[in-house]
Amino acid sequence: MTFIPVAPVLQAENAWWRTPKTDIQALMVRNLPNGARVVFIPADFDRQYANGNNPDHGILLSNAVRWAAKDDLPLAVEGPGYMDCNLYQQQGRMVLHVANLTYTTFRAPLDEFVPVGPFKAYIHKNDLPINHYYAAYPEATTKDVLAALAVRDRFIQLRELARTSTDAEEFRRAFHTFLTDVQHHL
Numbered sequence: 420m421t422f423i424p425v426a427p428v429l430q431a432e433n434a435w436w437r438t439p440k441t442d443i444q445a446l447m448v449r450n451l452p453n454g455a456r457v458v459f460i461p462a463d464f465d466r467q468y469a470n471g472n473n474p475d476h477g478i479l480l481s482n483a484v485r486w487a488a489k490d491d492l493p494l495a496v497e498g499p500g501y502m503d504c505n506l507y508q509q510q511g512r513m514v515l516h517v518a519n520l521t522y523t524t525f526r527a528p529l530d531e532f533v534p535v536g537p538f539k540a541y542i543h544k545n546d547l548p549i550n551h552y553y554a555a556y557p558e559a560t561t562k563d564v565l566a567a568l569a570v571r572d573r574f575i576q577l578r579e580l581a582r583t584s585t586d587a588e589e590f591r592r593a594f595h596t597f598l599t600d601v602q603h604h605l
């Protein structure tokens with residue numbers, strides 16, 4: 420996929436691409452030596468998808484995430500409608516928070532509520548992902564940075580325990596405590 424410059428659209432007779440093809444990469448993928456996969460999109464497709472709700476942007480983003488995760492995602496939800504799903508782990512249970520966003524792109528007030536569903540949710544319980552997703556964007560807040568630092572500090576503690584402990588049960592408890600402690604920072 421390559422970058423194509425914006426075409427003028429103000430006059431119909433001038434609405435055509437002056438540059439039909441470039442060598443500027445707009446999507447880069449890589450397999451790392453450790454088996455991890457990386458996708459880099461040097462554009463703001465996520466923001467554009469949120470603002471314009473262009474289905475092509477959504478498909479591109481979801482395919483990039485699925486490829487990078489090798490189709491091994493901790494949560495998959497199937498069903499009609501546009502849903503925001505967040506999976507949390509608490510002591511002894513998993514919580515799936517589902518919000519109906521089907522009409523959030525319309526202007527208020529809404530004149531009707533549209534039911535969605537039924538849904539099927541597939542959850543991989545207690546999986547430890549080995550691939551990472553990093554996002555750097557100019558709108559990052561101090562709160563985001565502080566949350567990342569808090570997760571890093573707790574991870575360093577868990578890593579040290581993994582190096583020094585020989586008790587698998589102790590590490591399992593520490594790992595579950597780590598997940599519970601840091602989930603609100605993610």
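Take 420 as the starting number for the sequence shown in the numbering used here and just add one per residue. Positions of the beta carbon are idealized from the N, C-alpha and C atoms, including for glycine.
Asked	Found
Any alpha helix (DSSP H) of 4 or more consecutive residues that is wholly inside the region 454-478	464-471
Burial state of residue 476 (16 or more Cβ within 10 Å)	buried
Endpoints, the beta strand (DSSP E) within which residue 598 is located	Premise fails: residue 598 lies in the alpha helix (DSSP H), 587-601, not in any beta strand (DSSP E).
Whether residue 445 touches residue 461 by CB criterion (8 Å)	yes
7 Å CB neighbourhood of residue 600 in its chain, flanking five on each side removed	573
Cβ pair count under 8 Å reaching 3, the region 496-504 against the region 513-522	yes
Rounded Cβ spacing between residue 534 and residue 498 (contact assumed at less than 8 Å)	Not quite, the Cβ-Cβ distance comes to about 11 Å (not below 8 Å), so this is no contact.
Three-state secondary structure assigned by DSSP to residue 421	strand
Secondary structure of residue 490, DSSP reduced to three states	coil
Coarse secondary structure for residue 582, derived from DSSP in three states	helix
Limits of the unbroken beta strand (DSSP E) element including residue 540	539-542
Given residue 420 as reference, the closest of 432, 458, 437 and 428 once Cα atoms are compared	458
Boundaries of the beta strand (DSSP E) in which residue 405 is found, first to last residue	Because the chain in this structure spans residues 420 to 605, residue 405 falls outside the shown range and cannot be described.
Proximity winner among 578, 604, 605 and 585, relative to residue 594 (alpha-carbon distances)	578
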